[in-house]
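Read the structure below first, then the notes.
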Amino acid sequence: MLIGLGAVVGAGLLGLRSSPRSSGPEDDLAAAVTSPARTTGFVQLAAEQPWAERLGRCCGLVITRRPGVEGRGSCVLLDRFGTIALTAHQVEDWLVEDGPGRVCVEGEVRFAPGPDHLLVSGRLEAVRVNGALDLAFATIDLAPLAGVEPVIWGTLPVGVGGVDLVAAGWAEGHERLHAAAGRAFMFRDYDQETYTSLGRAGASGQFLCKVVARLEAHPGMSGGGVFHQGALVGIDNANGPADDIPDLRFTPSWAVWDAYRKLYPDRAATAVFAAGPHFEQIPLPLSCRGKPDAFFPLP
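Okay, so the sequence shown: first residue is 70 according to this note's numbering, each after it adds one.
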């Protein structure tokens with residue numbers, strides 16, 4: 070398994086390994102004729118599952134920059150305060166100087182709440198990361214983003230196998246939103262993966278609290294959301310072929326919510342939940358538990 074951000078301009082490919090896809094007119098990553106900010110795969114899935122159209126209002130494209138190189142990945146909007154969830158590997162290698170003794174993550178976040186236009190926010194502020202979970206939070210300015218909406222929170226059952234899922238993110242670095250359907254397969258307390266990110270290319274890391282799904286995500290979808298019937302149930306981390314069957318790794322919403330409510334209690338108080346079991350009714354695996362200080366701010 071490879072773990073990475075997505076497409077990088079100026080430094081070759083920085084992304085997840087994914088199974089081969091066609092390059093012909095049936096390519097599901099091609100722009101939809103009537104929705105240029107959507108892929109054909111997204112439009113087809115939304116026709117089958119209409120709730121998926123809303124994902125354009127909560128799943129953003131993250132562009133990170135430093136001199137001579139640009140990276141692209143995805144994120145999910147968690148609340149009306151501008152908190153986004155993404156992965157640690159999308160931000161930890163992208164620090165740039167922000168004055169004497171200060172650094173920041175330079176870049177922007179884009180959303181396409183409609184099928185044919187992009188809205189742009191500024192750089193990522195107040196970034197916090199947890200490398201063991203490969204999970205990060207940041208805050209963006211929502212003022213330029215009319216029409217975006219926070220996610221509805223959901224949770225997977227204790228036995229994750231067989232749960233239908235949809236993963237959404239900005240595939241291959243293109244400026245169009247993609248979605249793909251699949252099914253949860255198993256939960257792992259520890260997952261071994263290999264980085265393709267700038268700072269750790271080729272290195273192997275052990276990550277906590279991951280769900281494996283049979284679902285064909287693509288490079289660039291790291292940080293995007295994984296949904297069940299319209300509710301957020303995880304954040305995409307890595308994908309690749311396993312015995313010619315595409316696999317997706319994601320951090321379940323158990324861990325995302327546990328960290329979010331501890332880091333941002335006032336913001337979490339405004340969260341909206343889907344019908345069904347709540348997080349308090351799910352025995353949280355030890356690998357998914359975290360302390361606020363486990364999410365350290367970037368220097």
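C-beta: ideal position from N, C-alpha, C; glycine also. Treat the numbers as computed from the prediction; the structure is a model and nothing was measured.
Own chain, CB closer than 6 Å to residue i, minus 5 neighbours either side, in chain order
i, result
"V178", "G129, V131, S190 and I209"
"G294", "C128, V145, A237 and L301"
"K331", "P361"
"G125", "A181, P182 and L246"
"R192", "E175 and G176"
"P366", "R197"
Chain-order list of residues whose beta-carbon lies under 7 Å from that of residue i (same chain, five-residue window excluded)
i, result
"I314", "R283"
"V165", "R135, V172, C173 and E175"
"G230", "A253, F254 and M255"
"A363", "N199"
"H186", "A106"
Boundaries of the alpha helix (DSSP H) in which residue i is found, first to last residue
i, result
"D116", "A quick correction: the sequence has Ala, not Asp, at residue 116. Note, A116: alpha helix (DSSP H), T109 to E117."
"D335", "P334 to A337"
Under 7 Å between C-beta atoms of residue i and residue j
i, j, result
"A215", "A106", "no"
"A157", "V145", "no"
"E175", "V198", "no"
"V220", "L114", "no"
"K279", "D260", "yes"
"W323", "L353", "yes"
"A248", "F342", "no"
"W222", "S143", "no"
"V235", "A121", "yes"
"P184", "S104", "yes"
Inter-residue Cα distance where the pair is residue i and residue j
i, j, result
"R336", "R252", "31 Å"
"P321", "R257", "11 Å"
"L188", "P288", "22 Å"
"E148", "T224", "As written in the sequence, residue 148 is Asp, which differs from the Glu given in the question. The straight-line gap from Cα to Cα measures roughly 17 Å."
"A212", "G170", "29 Å"
"G303", "A344", "17 Å"
"G137", "D203", "25 Å"
"G309", "D97", "17 Å"
"D167", "R269", "23 Å"
"V227", "F348", "11 Å"
"C357", "E244", "32 Å"
"A116", "E241", "22 Å"
"P346", "V325", "16 Å"
"T133", "E194", "12 Å"
"Q350", "A101", "41 Å"
"S92", "F150", "Below a pLDDT of 50, predicted positions are generally treated as unreliable, and S92, at 40, falls in that range; the measurement from the model is reported next regardless. Looking at the two C-alpha atoms, the distance is approximately 40 Å."
"G119", "Q159", "It is worth fixing the name first, because residue 119 is Pro in this sequence and not Gly. Going from the Cα of P119 to the Cα of Q159 covers about 30 Å."
"A250", "M290", "13 Å"
"Q275", "G359", "16 Å"
"P94", "A340", "Because P94 sits at a pLDDT of 33, beneath the cut-off of 50, its placement in the model cannot be relied upon, and the point is left open."
Segment limits, beta strand (DSSP E) that includes residue i
i, result
"P315", "I314 to P321"
"A154", "T152 to L155"
"D233", "D233 to G238"
"H347", "Taken as a continuous stretch (DSSP letters only), H347 belongs to no beta strand (DSSP E), as it is neither H nor E."
"C173", "V172 to V174"
"K279", "S273 to R283"
"H297", "G294 to H297"
"E127", "Residue identity check: residue 127 is Cys in the sequence provided, not Glu. That residue, C127, is in no beta strand (DSSP E); it is neither H nor E in DSSP."
"F206", "L204 to T208"
"V198", "E194 to N199"
"C357", "That residue, C357, is in no beta strand (DSSP E); it is neither H nor E in DSSP."
"S190", "L188 to S190"
"V217", "Careful: V217 lies outside any beta strand (DSSP E) and carries neither H nor E."
"V138", "V138 to L146"
"L164", "L164 to E166"
Assumed close pair residue i, residue j - CB separation to whole angstroms, cut-off 8 Å
i, j, result
"L246", "T108", "7 Å"
"H297", "V232", "6 Å"
"W163", "G200", "Going by Cβ atoms, the distance from W163 to G200 rounds to 14 Å, so no, they are not a contact pair."
"G292", "R123", "Contact flag wrong, Cβ pair sits at about 18 Å."
"V281", "D316", "6 Å"
Close beta carbons around residue i, own chain, < 8 Å, minus the five adjacent residues each side
i, result
"T152", "L146, F206, A207, T208, Y329, Y333 and R336"
"P368", "L164 and V172"
"A286", "L85, S87, A236, G238, A240, A249, G293, D305, N308, P315 and L317"
"A99", "T108 and T109"
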